[in-house]
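Position one of the sequence shown corresponds to residue 57 (the numbering used here), numbered consecutively onward.
Glycine is no exception: its CB is placed at the ideal position from the N, C-alpha and C atoms.
Worksheet for the structure shown next.
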Amino acid sequence: MRLCPKFDSCSATICPLDPNWRLRDVLSRDATCTWLLEMARGGPEAPCVPEQIRSQVSTALPAILSSVGMGNLRSAMNRAAKSGSKRDPARLAHLRMQAA
């Protein structure tokens, strides 16, 4: 889990890098892993997910989504899939150009 660049500041209950994520309960107010949301937006090759954790997130995603009790997380992922990445370098560059 320490490979994650957000490890020190993350408050997501379900972490795809945590081998014990199945032991966690998700509440509606719980934060959702940034990388799970980015994977929902961009698929398995989501450019915003750091290379060092991409395969682990991609592997855990189907299991997490199919688990019982993950309805709130599934809803967040479905919403994310309908929107663009908040971390996509091309999108961020475009927004910076608009602001200038």
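Taking the straight line between their C-alpha atoms, what separation do you get for Ile105 and Arg130? As a working note, residue 105 is residue 49 in the sequence shown. As a working note, residue 130 is residue 74 in the sequence shown. The displayed chain sequence assigns Val, not Ile, to residue 105. Those two C-alpha atoms are separated by around 19 Å.
Cutting at 6 Å between CB atoms, please list the residues of its own chain near Leu93, excluding the five before and the five after it. Reading the sequence shown from its first residue, position 37 is the one you call residue 93. Ala136.
Kindly provide the ranges of any beta strand (DSSP E) runs that are 3 or more residues long and lie completely inside the segment 86-118, ordered along the chain. none
Assign Arg58 to one of two classes, buried (16 or more other C-beta atoms within 10 Å of its C-beta) or exposed (fewer than that). For the purposes of this step, residue 58 is taken as the residue at position 2 of the sequence shown. When all chains shown are included, Arg58 counts as exposed.
First and last residue of the uninterrupted alpha helix (DSSP H) at Asn134: Reading the sequence shown from its first residue, position 78 is the one you call residue 134. Where Asn134 is concerned, the enclosing alpha helix (DSSP H) stretches over 127-137.
Sufficient close CB pairs (3 or more, under 8 Å) joining the segment 71-86 to the segment 110-121: yes
Less than 8 Å between the CB atoms is what I'm expecting for Val82 and Asn128, so what's the real figure, rounded? By 1-based counting over the sequence shown, the position of residue 82 is 26. By 1-based counting over the sequence shown, the position of residue 128 is 72. Confirmed, Cβ separation roughly 6 Å.
If you draw a straight line from the C-alpha of Lys62 to the C-alpha of Cys89, how long is it? For the purposes of this step, residue 62 is taken as the residue at position 6 of the sequence shown. For the purposes of this step, residue 89 is taken as the residue at position 33 of the sequence shown. Approximately 9 Å, taken between the alpha carbons.
Report all residues from its chain with a CB closer than 6 Å to the CB of Ala96; omit the five preceding and five following residues, and keep chain order. Counted from its first residue, the sequence shown places residue 96 at position 40. Closer than 6 Å at the Cβ level, and outside the excluded window around Ala96, lie Met133, Ala136, Ala137.
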